[in-house]
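So the sequences go chain by chain: A and B.
What the first sequence shows, in the numbering used here, is residues 796 to 996, in sequence order.
What the second sequence shows, in the numbering used here, is residues 796 to 996, in sequence order.
Where a beta carbon is used, it is the ideal one built from N, C-alpha and C, also for glycine.
Working notes, beginning with the structure itself.
Protein chains: 2
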Amino acid sequence: MIRLLLAEDQGMMRGALALLLGMEHDIEVVAQVGRGDEIVDAALVARPDVALLDIELPGRSGLDAAADLRDEVPDCKVLILTTFGRPGYLRRAMEAGAAGFLVKDGPVEDLAEAVRQVLRGETVIDPALAAAALSAGPNPLTGRERDALAASVDGATIADIAASLHLSESTVRNYLSSAIGKTGTRNRMEAVRAARRQGWL
Amino acid sequence: MIRLLLAEDQGMMRGALALLLGMEHDIEVVAQVGRGDEIVDAALVARPDVALLDIELPGRSGLDAAADLRDEVPDCKVLILTTFGRPGYLRRAMEAGAAGFLVKDGPVEDLAEAVRQVLRGETVIDPALAAAALSAGPNPLTGRERDALAASVDGATIADIAASLHLSESTVRNYLSSAIGKTGTRNRMEAVRAARRQGWL
DNA sequence: CGGCACCCGGGACATTTGTCACGGCCAGGT
DNA sequence: ACCTGGCCGTGACAAATGTCCCGGGTGCCG
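If you want it as structure tokens, here you go:
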């Protein structure tokens, strides 16, 4: 019996997946969580063989949680399941020690099979996505550029960002300008979108 | 036997829902589509009793499709299923003649029951959401304000928006300024976010 | 040690954005 | 006939944003 942990914030999706996977004769869903910061605790209790993690979760990113699991529950294989096949996500997932990366398009039938594959030690990745991730290259943004960009997603002004990062306004402007240049865009909003699309957030 | 049409763009979600609903003894999924502009055609062929529609679909919004169905397949009840419980969405769904409005949080078990309820002629709406929709009041934005705001979502400049709407730059500025005022925000980006959160897009 | 990249900041400048006051046009309702 | 509200535009102005150039500090690597 494969013991499975399921982390997904959308209640209906989580319930549906749990039911479907539970119907497989060799899979047992031993834990379900709706928040990223509950993953490690649940895994320590339930001792799953495989963790199926969404990326965009409240509390803690599924990618961060994957890294945590590698350290604290190393026997547990991690399978990332996400809406967006962003190259940067795939890259980060691999760096966090994930054994597989699936997007929520594509048929449900693949899911159970993917679980079995990672448990056999295989790595499962959509080939087209892998190619995109390689051709895209690594994240060119420095840490602070990323911070500044991330702090500006919800329409914050330079002053807001400077305050939240404890920086001077001049510094923030420089970081943003640099990020805009590196993304090849014309303003903050475009830069944010471009960075998000690449999974650089 | 309840004949059901399912419109949902995320392949995995669509497949999971189809399987789950198909397992109900009194429900039969007679059509599945992944695009909004395929809904009416599919309904004309499959003649479903209930259409379960996501809102954010490629091609055509599920809300628009709901209005189309009311005209072209009036016997078909419409049940909206969406990720975001925005007040404006609920309002528009009701105006489009929807018989129910569900959010993708909350348990899967409710789903089949909601289908049966709308078929009995009942209206199913989350009570908390209904309250929010009423307290929020109607959309205060005029048509052109909405257009200008919608055209600025992906970081377009004033010049871009003016070109895409065939307007003068001054006019666009005035609309945006007005929209910013009505949303009580400080700039375009915040206004877009606020309008989206309300379902005013 | 000398580069190099990242971090942090200042100053000056052009451009963009947001605001305000003001026109005119047209449709609707009183 | 008048008023109201949406639509479209202009001009002027202050504020925010983006760019460029400059400085200094740190730590890492060859």
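Less than 8 angstroms between the CB atoms is what I'm expecting for residue i and residue j, so what's the real figure, rounded?
{"i": "GLY806 of chain A", "j": "PRO902 of chain B", "result": "6 angstroms"}
{"i": "LYS899 of chain A", "j": "THR877 of chain A", "result": "7 angstroms"}
{"i": "LEU944 of chain A", "j": "ALA893 of chain A", "result": "With a Cβ gap of about 25 angstroms, LEU944 of chain A and ALA893 of chain A do not count as contacting."}
{"i": "ILE975 of chain A", "j": "VAL967 of chain A", "result": "12 angstroms between Cβ atoms; not a contact."}
{"i": "LEU800 of chain B", "j": "LEU812 of chain B", "result": "Wrong, their Cβ atoms sit about 12 angstroms apart, outside the cutoff."}
{"i": "GLY880 of chain A", "j": "LEU852 of chain A", "result": "At roughly 17 angstroms, the Cβ-Cβ gap does not stay under 8 angstroms, so GLY880 of chain A and LEU852 of chain A are not in contact."}
{"i": "ALA926 of chain B", "j": "ALA891 of chain B", "result": "Not a contact, Cβ separation roughly 21 angstroms."}
{"i": "MET808 of chain B", "j": "MET808 of chain A", "result": "6 angstroms"}
{"i": "ALA907 of chain A", "j": "VAL873 of chain A", "result": "Between VAL873 of chain A and ALA907 of chain A the Cβ distance is about 16 angstroms, and since that is not below 8 angstroms, they are no contact."}
{"i": "LEU815 of chain A", "j": "LEU864 of chain B", "result": "Contact doesn't hold; Cβ gap of about 29 angstroms is too wide."}
{"i": "ILE737 of chain A", "j": "ILE850 of chain A", "result": "Since the first residue of chain A shown is 796 and the last is 996, residue 737 of chain A is not available in this structure."}
{"i": "LEU962 of chain A", "j": "ALA928 of chain A", "result": "About 32 angstroms; that fails the 8 angstroms criterion."}
Report the residue from the options whose alpha carbon sits nearest the alpha carbon of residue i.
{"i": "MET889 of chain A", "options": "A:LYS899, A:ALA907, A:ASP859 and A:ASP900", "result": "A:ASP859"}
{"i": "LEU897 of chain A", "options": "A:ALA926, A:SER930 and A:LEU848", "result": "A:LEU848"}
{"i": "PRO922 of chain B", "options": "B:PRO843, B:GLU908, B:PRO882 and B:LEU801", "result": "B:PRO882"}
{"i": "SER965 of chain B", "options": "B:GLY976, B:ALA974 and B:ILE953", "result": "B:ILE953"}
{"i": "GLY938 of chain A", "options": "A:ALA926, A:GLY932, A:LEU929 and A:LEU960", "result": "A:LEU960"}
{"i": "LEU971 of chain B", "options": "B:GLN993, B:ARG886, B:ARG991 and B:LEU936", "result": "B:LEU936"}
{"i": "LEU868 of chain A", "options": "A:LEU812, A:GLY916 and A:ILE834", "result": "Looking at the sequence itself, residue 868 of chain A is Val, so the reference to Leu does not match. The candidate whose alpha carbon is nearest that of VAL868 of chain A is A:ILE834."}
{"i": "THR978 of chain A", "options": "A:ALA951, A:ASN934, A:SER947 and A:SER963", "result": "A:ASN934"}
{"i": "ASP905 of chain B", "options": "A:GLY810, A:GLU803 and A:HIS820", "result": "A:GLY810"}
{"i": "ARG981 of chain B", "options": "A:ASN982, A:GLU908 and A:ASP949", "result": "A:ASP949"}
{"i": "ARG988 of chain B", "options": "A:ALA951, A:GLN993, A:ASN969 and A:ALA958", "result": "A:ALA951"}
{"i": "ASP866 of chain B", "options": "B:GLU940, B:LEU885 and B:ALA838", "result": "B:ALA838"}
{"i": "ARG983 of chain A", "options": "A:LEU962, A:GLY994, A:GLU940 and A:GLY817", "result": "A:GLU940"}
{"i": "LEU924 of chain B", "options": "B:GLY994, B:SER947, B:ALA907 and B:SER973", "result": "B:GLY994"}
{"i": "CYS871 of chain A", "options": "A:VAL913, A:GLY854 and A:ALA907", "result": "A:VAL913"}
{"i": "ILE797 of chain A", "options": "A:ALA931, A:ALA928, A:VAL910 and A:ASP942", "result": "A:VAL910"}
{"i": "ARG991 of chain B", "options": "B:ALA946, B:GLN827 and B:LEU962", "result": "B:ALA946"}
{"i": "ASP942 of chain B", "options": "B:ASN969, B:HIS820 and B:VAL825", "result": "B:ASN969"}
{"i": "ARG855 of chain B", "options": "B:GLY916, B:ARG842, B:ILE920 and B:GLU803", "result": "B:GLU803"}
{"i": "GLY857 of chain B", "options": "B:PRO843, B:ARG887, B:ARG842 and B:VAL840", "result": "B:ARG887"}
{"i": "VAL920 of chain A", "options": "A:GLY895, A:ALA958 and A:ASP844", "result": "According to the sequence shown, residue 920 of chain A is Ile rather than Val. Among A:GLY895, A:ALA958 and A:ASP844, the Cα nearest to that of ILE920 of chain A is on A:GLY895."}
If you run the structure through DSSP and keep just helix, strand and coil, what is residue i?
{"i": "GLN827 of chain A", "result": "strand"}
{"i": "GLY994 of chain B", "result": "coil"}
{"i": "LEU852 of chain A", "result": "coil"}
What first and last residue would you give for the beta strand (DSSP E) that runs through residue i?
{"i": "ARG798 of chain B", "result": "797-802"}
{"i": "ALA862 of chain A", "result": "No beta strand (DSSP E) contains ALA862 of chain A, which is instead part of the alpha helix (DSSP H) from 857-867."}
{"i": "GLY895 of chain B", "result": "895-898"}
{"i": "THR877 of chain B", "result": "872-877"}
Which residues bound the alpha helix (DSSP H) around residue i?
{"i": "ILE834 of chain A", "result": "834-841"}
{"i": "ALA888 of chain A", "result": "882-890"}
{"i": "GLY784 of chain A", "result": "For residue 784 of chain A there is no data in the structure shown, the boundaries of chain A being 796 and 996."}
Return the chain-ordered ranges of every alpha helix (DSSP H) run that is complete within the segment 910-990 of chain B and spans a minimum of 4 residues. 922-931, 938-946, 953-960 and 964-978
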